[in-house]
Amino acid sequence: MTNSPSRRLVLTRSAALVGAASSGLLLPEWALAQSGKIRVGLMLPYSGAFAPLGVAIENGVRMAINEQGGKLAGREIEWFKVDDESEPSKGIENANKLVQRDKVDVLIGTVHSGVQMGIQKVARDSGVLTLIPNAGVHAATRALCAPNVFRTSFSNSQPTLALGQTMVAKGHKKAVWITWKYAAGDEAYEGFKESYTKAGGTIVKELGLPFPNVEFQALLTEIAALKPDAVACFFAGPSAAKFMKDFAAAGLKGKIALYGSGFLTEGVLEAAGPAADGVMTTLHYSDSLDTPRNNKFRLEYAKAFKMQPDVYAVQGYDTGLLLIQGANAVKGDLSKKPELYKAMEGAVIDSPRGKWTMSKSHNPVQDIYLRVAEKGENKVIGVAAKALADPGTGCRMG
Ligand code: PHB
2 MTNSPSRRLV
12 LTRSAALVGA
22 ASSGLLLPEW
32 ALAQSGKIRV
42 GLMLPYSGAF
52 APLGVAIENG
62 VRMAINEQGG
72 KLAGREIEWF
82 KVDDESEPSK
92 GIENANKLVQ
102 RDKVDVLIGT
112 VHSGVQMGIQ
122 KVARDSGVLT
132 LIPNAGVHAA
142 TRALCAPNVF
152 RTSFSNSQPT
162 LALGQTMVAK
172 GHKKAVWITW
182 KYAAGDEAYE
192 GFKESYTKAG
202 GTIVKELGLP
212 FPNVEFQALL
222 TEIAALKPDA
232 VACFFAGPSA
242 AKFMKDFAAA
252 GLKGKIALYG
262 SGFLTEGVLE
272 AAGPAADGVM
282 TTLHYSDSLD
292 TPRNNKFRLE
302 YAKAFKMQPD
312 VYAVQGYDTG
322 LLLIQGANAV
332 KGDLSKKPEL
342 YKAMEGAVID
352 SPRGKWTMSK
362 SHNPVQDIYL
372 RVAEKGENKV
382 IGVAAKALAD
392 PGTGCRMG
């Protein structure tokens, strides 16, 4: 009996397991999950029209992690980086570099809504924990929502849902809308259209150009001919500075009021110069929020990175804060998915933008501020929408 083949097999196996475990080769999964490094993947634009946005987000994430001694729930981190170039056609391939090749435990990405759709597919297929630090594409937290995907930024219509009423209240009842024609611009328009028409405004024309084109001249000529009270827009990154400068150079500044989703004036006030002065925007952050939390954040960010933070840096920082809360709740064992997701769903993020919570479909419930650009600063005028949630239409988790 003692020498039966099955008993020998058991003995051999367990001997092998002991040997392997002592040499660190074959640790059981639960032990591996808590002993190895946590693999964090950053998929962000480091080149192209949104490159500075990617850098600010990475800075923010690292700042939050550095406040924890560079670790997540006491575990060391191994970082992986992919430049997504804001190129939607490479979205799936680039996400798989992190998920399949690098086997990351968590993917942080990205900025561009079109690229996000590729990440969303990979996230849903693989189940890898995915944190969206910017891209506002509605589907990510609506019809294509997923238990393992959390957004720490905004949905594309959130900022502009707070814009229309302000414009009408200022007496600007006839507007032209202009944007890049892709998901972010189109969905920002949805929010603008809803809020502006509801408040009694009329949209006389909807103008667009393909991302990332910056040939605004012909469109500005058309705006001059249309003579609206106001222009409302979505542009972001260095191209937004060019838009404001071209708007002024075309002689429209001072004649037609310029409004925007607040990304228009984020990170570009110095580049835009006086062309930005007086531009009114709505956004979930403002550099001039005079709270101890924001002041401390701004001081430490500037010290660490030798540049001023903007909304993208805040979103990156909050992504780090959310990941830290989740990881702490499972003592660093990210394989405990139900507990991890529960902790992240219930998280209250003490952000430089103000405290925010997670909606059922995993998008921030947050205040939207009305700001005016003045001498290189986005000055807060007030809260344009309180605790605004995305409706999460069509989201079914599970
Ligand atoms: C987006 O593509 O979702 C996007 C990009 C830049 C922004 C905001 C949204 O500033």
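The sequence shown maps to residues 2 to 399 in our numbering.
In this text, a Cβ means the ideal position worked out from N, Cα and C, and glycines have one as well.
From a predicted model like this one, the values you see are computed outputs, not experimental measurements.
Distance, residue j Cα to residue i Cα
i	j	result
methionine 308	leucine 99	29 Å
tyrosine 286	glutamate 216	29 Å
isoleucine 224	tyrosine 302	39 Å
arginine 76	valine 331	12 Å
cysteine 396	serine 362	6 Å
alanine 242	valine 269	6 Å
proline 472	lysine 91	Summary: the structure shown does not reach residue 472, with the chain confined to residues 2 through 399, and so no result is reported for it.
lysine 171	leucine 164	11 Å
alanine 390	glycine 347	15 Å
lysine 72	glutamine 326	12 Å
aspartate 85	glycine 110	9 Å
alanine 385	lysine 104	42 Å
alanine 124	leucine 322	21 Å
asparagine 157	glycine 55	18 Å
asparagine 60	lysine 206	39 Å
isoleucine 350	alanine 219	44 Å
isoleucine 78	alanine 249	47 Å
alanine 305	isoleucine 120	30 Å
glycine 255	arginine 102	53 Å
serine 154	glutamine 316	6 Å
glutamate 94	aspartate 288	36 Å
lysine 174	arginine 152	34 Å
aspartate 319	aspartate 311	13 Å
proline 339	asparagine 214	43 Å
proline 275	glycine 202	28 Å
threonine 180	glycine 70	42 Å
glycine 37	valine 177	55 Å
serine 127	phenylalanine 51	27 Å
threonine 394	histidine 139	9 Å
alanine 388	lysine 343	21 Å
methionine 245	valine 62	30 Å
valine 280	aspartate 291	20 Å
serine 336	alanine 374	45 Å
leucine 221	glutamate 271	22 Å
Simplified DSSP assignment, three categories, for residue i
i	result
arginine 76	strand
asparagine 379	strand
glycine 37	coil
phenylalanine 212	coil
leucine 162	helix
glycine 42	strand
aspartate 126	helix
isoleucine 58	helix
isoleucine 257	coil
valine 116	helix
phenylalanine 306	helix
glutamine 69	coil
phenylalanine 217	coil
glycine 49	coil
leucine 398	In the sequence as displayed, the identity of residue 398 is methionine instead of leucine. Correct three-state label for methionine 398: coil.
serine 90	helix
aspartate 247	helix
serine 336	coil
alanine 237	coil
glycine 186	helix
Residue(s) in a DSSP beta bridge with residue i
i	result
aspartate 351	Lys356
glutamine 367	Leu389
valine 177	Lys206 and Val232
isoleucine 471	The shown model of the chain, from 2 to 399, leaves out residue 471, and the question about it has no answer.
threonine 283	Ser262 and Leu371
leucine 108	Gly42 and Thr131
lysine 82	Leu43
valine 384	Tyr370
Residues of its chain near residue i, where Cβ-Cβ distance is below 6 Å and the 5 sequence neighbours each way are ignored
i	result
alanine 226	none
leucine 265	Phe236, Ala241 and Thr282
methionine 398	Pro148
tryptophan 80	Val41
phenylalanine 298	Pro353
Whole-number beta carbon distance between residue j and residue i, since they are thought to touch under 8 Å
i	j	result
threonine 161	alanine 184	No, threonine 161 and alanine 184 are not in contact; Cβ-Cβ is about 14 Å, not under 8 Å.
tyrosine 313	glutamate 267	7 Å
asparagine 364	threonine 142	4 Å
isoleucine 369	glutamine 159	7 Å
valine 107	leucine 132	7 Å
proline 134	isoleucine 39	Contact flag wrong, Cβ pair sits at about 17 Å.
Beta-carbon contacts of residue i that lie in its chain and below 7 Å, excluding the five residues immediately before and after
i	result
alanine 74	Ala328, Asn329, Lys332 and Gly333
tryptophan 357	Ile350, Pro365, Val366 and Gln367
phenylalanine 402	Residue numbering for the chain in the displayed model covers 2 to 399; residue 402 lies beyond these limits and cannot be assessed.
Neighbourhood of residue i by C-beta, 8 Å cutoff - its chain only, sequence neighbours within 5 removed
i	result
lysine 182	Gly209, Leu210, Pro211 and Phe212
serine 196	Thr161, Leu162, Ala163, Leu164, Gly165 and Gln166
serine 24	Any reading at serine 24 needs caution, since the residue's pLDDT is 45, under 50, leaving its predicted position unreliable; the model's value is listed next. Cβ neighbours of serine 24 beyond the five flanking positions: none.
Residue i Cβ short of 7 Å to ligand 2 heavy atom set
i	result
valine 331	Ligand 2 is not among the ligands present in this structure, which contains only ligand 1.
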